[in-house]
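K.L.:
Numbering (the UniProt record's numbering), first residue to last: 1 to 258. So that we are looking at the same thing, I have put the structure below in structure tokens.
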């Protein structure tokens with residue numbers, strides 16, 4: 001069994017996944033070229049070419065299915081295997097996202113996820129990113145046998161200062177970073193037996209109602225049954241945190257490996 005297969009099997013075992021999902025991983029030295037090969041329409045090709053600069057700088061990319069192929073394809077740059085271990089975070093993270101999007105496809109009968117209009121799409125993307133970060137970090141924390149002292153130390157000494165630059169101002173311009181923070185924060189909070197305070201730069205932001213509903217549902221696979229209520233809090237937060245709300249994009253600026 002390859003290291004990629006082993007990593008996926010660890011996730012499936014940890015979260016008791018029984019269902020088989022159409023998921024493939026490709027290791028490459030050129031994510032842009034690999035993504036271009038997966039285009040089946042002129043519009044898809046044009047969009048990929050327009051994103052050439054971004055794709056050339058990506059360390060990984062989860063490519064959604066289209067009408068001719070229902071497989072989710074994860075492209076990982078070969079640099080993720082040096083130093084060893086970084087790739088495992090990427091695979092665990094994207095496998096979680098893939099499951100959420102696949103279940104969305106089945107629920108709504110969507111075949112071409114690259115072009116389909118997803119219900120409450122901004123909130124769904126935000127939520128899928130948070131859950132991926134939550135699942136990935138919860139599993140890694142357990143595999144490394146981190147105790148409460150280690151978890152709190154990681155939170156206070158790494159996570160909080162690392163994200164201050166991005167989350168200290170207009171949060172609507174850094175929603176992907178906020179999703180990463182929330183997922184990591186909730187993973188740590190899930191494993192400790194006392195209250196974990198938000199940093200001051202988030203306490204003064206209108207995040208509390210949104211975070212509360214996320215915390216109540218983050219580990220529940222039926223969370224998307226409550227997407228309308230979560231979307232209401234999400235939109236309320238976005239509108240109250242900025243005079244110029246931004247479209248949510250899956251683009252992390254914090255330097256994480258995704």
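Glycine included, C-beta positions come from ideal geometry on N, C-alpha and C. On a predicted model such as this, the values are computed, not experimentally measured, just so you know.
So, for residue 255: in the same chain, excluding its five sequence neighbours on each side, which residues have a beta-carbon less than 7 Å away from its beta-carbon?
P.N.:
A caution first: residue 255 carries a pLDDT of 37, below 50, which makes its placement in the model too unreliable to give a value.
K.L.:
Could you compute how far the alpha carbon of residue 1 sits from the alpha carbon of residue 30?
P.N.:
25 Å
K.L.:
Identify the continuous beta strand (DSSP E) that holds residue 63 and give its terminal residues.
P.N.:
From DSSP, the beta strand (DSSP E) with residue 63 extends over 60 to 63.
K.L.:
What is the DSSP secondary structure of residue 37, counted as helix, strand or coil?
P.N.:
helix
K.L.:
By how many angstroms is the C-alpha of residue 94 removed from the C-alpha of residue 13?
P.N.:
CA-to-CA, the gap between residue 13 and residue 94 works out to about 16 Å.
K.L.:
On the criterion of 16 or more Cβ atoms from any shown chain inside 10 Å, does residue 204 qualify as buried, or is it exposed?
P.N.:
Residue 204 sits exposed, since fewer than 16 C-beta atoms from the chains shown fall within 10 Å of its C-beta.
K.L.:
Under 7 Å Cβ to Cβ from residue 126, same chain only, skipping five residues before and after it: list those, please.
P.N.:
Sequence-distant partners of residue 126 (beyond 5 residues in either direction) whose C-beta falls short of 7 Å from its own C-beta, in its chain, are 175, 179, 234 and 248.
K.L.:
Within a Cβ cutoff of 6 Å, which residues of the same chain sit near residue 91, ignoring the five residues on either side of it in sequence?
P.N.:
7
K.L.:
Below 8 Å between beta carbons: does that hold for residue 123 and residue 227?
P.N.:
yes
K.L.:
Let me make sure I understand the geometry here. Which of 66, 36, 70 and 133 has the alpha-carbon closest to that of residue 56?
P.N.:
36
K.L.:
CA-CA distance, residue 177 and residue 163?
P.N.:
8 Å
K.L.:
Based on the DSSP secondary-structure assignment, which residues constitute the bridge partners of residue 217?
P.N.:
According to DSSP, which records beta bridges pairwise, residue 217 is partnered with nothing at all.
K.L.:
Nearest to residue 217 by alpha carbon, out of 182, 61, 40 and 70?
P.N.:
182
K.L.:
Determine the DSSP secondary structure at residue 24, reduced to helix, strand or coil.
P.N.:
strand
K.L.:
Grab me the residues of residue 26's own chain with a C-beta within less than 8 Å of its C-beta, minus the 5 sequence neighbours each way, in chain order.
P.N.:
Around residue 26, the same chain offers 34, 73, 74, 75 and 76 as residues with beta carbons nearer than 8 Å, after the five sequence neighbours per side are excluded.
K.L.:
For residue 224, tell me which candidate among 5, 118, 240 and 45 has the shortest Cα-Cα distance.
P.N.:
118
K.L.:
Quick one: give me the first and last residue of the beta strand (DSSP E) that residue 146 is part of.
P.N.:
Segment: none, residue 146 is in no beta strand (DSSP E) and carries neither H nor E.
K.L.:
Measure the Cβ-Cβ separation of residue 59 and residue 43 and say whether it is below 8 Å.
P.N.:
no
K.L.:
With a cut-off of 8 Å on the beta carbons, I'd call residue 97 and residue 128 a contact; round off their distance for me.
P.N.:
Residue 128 and residue 97 do touch by the CB rule: their CB atoms are close to 5 Å apart, below 8 Å.
K.L.:
For the beta strand (DSSP E) that contains residue 73, what are its first and last residues?
P.N.:
72 to 77
K.L.:
Figure out for me which residue from 240, 111 and 213 has the closest Cα to the Cα of residue 171.
P.N.:
240
K.L.:
Tell me whether residue 38 is buried or exposed, calling it buried when 16 or more other Cβ atoms sit within 10 Å of its Cβ.
P.N.:
buried
K.L.:
Could you compute how far the alpha carbon of residue 273 sits from the alpha carbon of residue 107?
P.N.:
With the chain running from 1 to 258 in the structure shown, residue 273 is simply not present.
K.L.:
Going by DSSP in three states, residue 177 sits in which element: helix, strand or coil?
P.N.:
Here residue 177 sits in helix by DSSP.
K.L.:
According to DSSP, is residue 170 part of a helix, a strand, or is it coil?
P.N.:
Of the three classes helix, strand and coil, the one that applies to residue 170 here is coil, per DSSP.
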